[in-house]
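Read the structure below first, then the notes.
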Amino acid sequence: MSEVLHRFAVGDRATAVLLPFTLDALVADWSAVRRAMLRTVPEPFSRSEWAHLVASLDDAALRRPFAETFGEPAEDAVVAALARPRGRIAVWLPNNVSLLGPLTSILLSLCGAPATFKVGSRGDDLMTPWIAFVREHAPDGPLRRWAHDDVELLAVGREDPRCARLAADACARILFGSDEAIAAIERLPHPADAPAFAFGDRRSEVWIEPSEVNDASVRDLVRIFAVFGQAGCTSPRRAVLLGGSPADALALRDDLVQAWPAVERARTAMHIASANVAARQRAAAAGWDAALTADNAATVAAGDAALPVVESPMSLFVCAATHDEAVASAPSNLQTLGHVVADPADPAWLSLVARAGAKRFVPLRAMHHFGPVWDGHAFWRGLFEDVELVA
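Residues in the sequence shown are numbered from 676 upward in steps of one, following my numbering.
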């Protein structure tokens, strides 16, 4: 397909973005895939994971990266800048949050650049079934051509020589994983002008005003936590009731335990149930008032903000804290703050979020939304190179 110029503008400044397709055609192809997704949940995806992908393929969600990065469509605007996709993009995926692969692939398809995904060698591989689904259900158009011709999956350990070749050949690199793994990847020889966007160890929380606790917010918290448990960098390990009391924390814990089986209906795997029984005992030993949900699907514990969070895949911790206590006890690698507050636009929140060191401050429901800016890096914009234009 021939290349197409798309114009986007912010104010009187327009950027021409060169893509190997028309954006409308690509969005239409993803819409066809989305319709097919509504009819089935293939193995090995959970219903929560599949629903999250479906939401990511909404028409507005697909167009949002262009609007947030380059501005609104303005085909008649005078062009002041030109952006074109870089060459092949290399993506190193983590072992613990396999849904990052499909989510990243959606964003990379919007660039139209070839991409190689080095999938986690010790975790669940969702990229293989995801790309297979896209290849099967995309109509004959730019998405099918991209998925068939331009997407490569590499399922090897990072010591495999093919990883070194991947780093050496990539025009841009996106690195997910532990800080140690990212450091090892960065040591691989790579082009000096190939940008790298590294997303390492991060933790997230939900901050809630007690007046905003209701059936809807409780169910939303269950849904958000259940997608990844503690494994996801955007998944809350703590729910902090700002200005609340210990009694409020216990009440929220009980609400979460009660709501869990109505929201998460999937049968709990035996190893998860066993881990949760052990986590309840460990949490109690650490000073938390811990309880198990039905079917031992999760552990939910209430306690003081100063208590340490127990590491366990499906354990959520609830505490009450003043604003100063919430900031002081927040993790040093805080990424996302999901908020359930009456007025998030209140300027007082800006100071609080800045003091906590968060990279994102978003509504609870949007904690897992993966967009063109991540961990404070405009990585999607970095997948395009700029051409200087002088009139």
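From the three backbone atoms N, C-alpha and C, an ideal C-beta is built for every residue, glycine too.
What you are looking at is a predicted structure, and each value in this text was computed from that prediction instead of being measured.
query: Opening and closing residue of the beta strand (DSSP E) in which Pro936 lies; result: From DSSP, Pro936 is part of no beta strand (DSSP E) but of the alpha helix (DSSP H) over Pro921 to Val938.
query: Inside the region 987 to 1051 only - alpha helix (DSSP H) runs reaching at least 4 residues; result: 998 to 1004 and 1022 to 1031
query: Segments assigned beta strand (DSSP E), at least 3 residues, entirely inside the region 861 to 909; result: 871 to 874 and 878 to 883
query: Assigned secondary structure, Trp656 (DSSP; H/G/I helix, E/B strand, else coil); result: For residue 656 there is no data in the structure shown, the boundaries of the chain being 676 and 1066.
query: The region 912 to 919 / the region 874 to 886 touching (three or more Cβ pairs under 8 Å); result: yes
query: Uninterrupted beta strand (DSSP E) stretches inside the region 776 to 847 (no shorter than 3 residues); result: 790 to 793 and 826 to 829
query: Bridge-paired residues (DSSP) for Ala976; result: Ala965 and Phe992
query: Through-space distance from Leu828 to Leu1102, alpha-carbon basis; result: The displayed coordinates of the chain run from 676 to 1066. Any statement about residue 1102 would go beyond what the structure contains.
query: Beta-carbon gap between Leu768 and Phe872 smaller than 8 Å; result: no
query: Beta-carbon spacing of Ala906, Pro1038 below 8 Å; result: no
query: Distance CB(Thr1011)-CB(Ser892) smaller than 8 Å; result: no
query: Beta-carbon spacing of Gly762, Cys838 below 8 Å; result: no
query: Whole-angstrom C-beta distance between Val897 and Glu939, which should lie under 8 Å; result: 6 Å
query: Pair within 8 Å by beta-carbon distance, Pro983 and Ala961; result: yes
query: Three-state class that DSSP yields for Ala756 in the structure shown; result: strand
query: Closest Cα partner of Ile849 within the set Asp1050, Val1062 and Pro1019; result: Asp1050
query: Environment of Thr744 [buried if 16+ CB atoms lie within 10 Å]; result: buried
query: Limits of the beta strand (DSSP E) - the one that Asp1061 falls within; result: Phe1059 to Val1062
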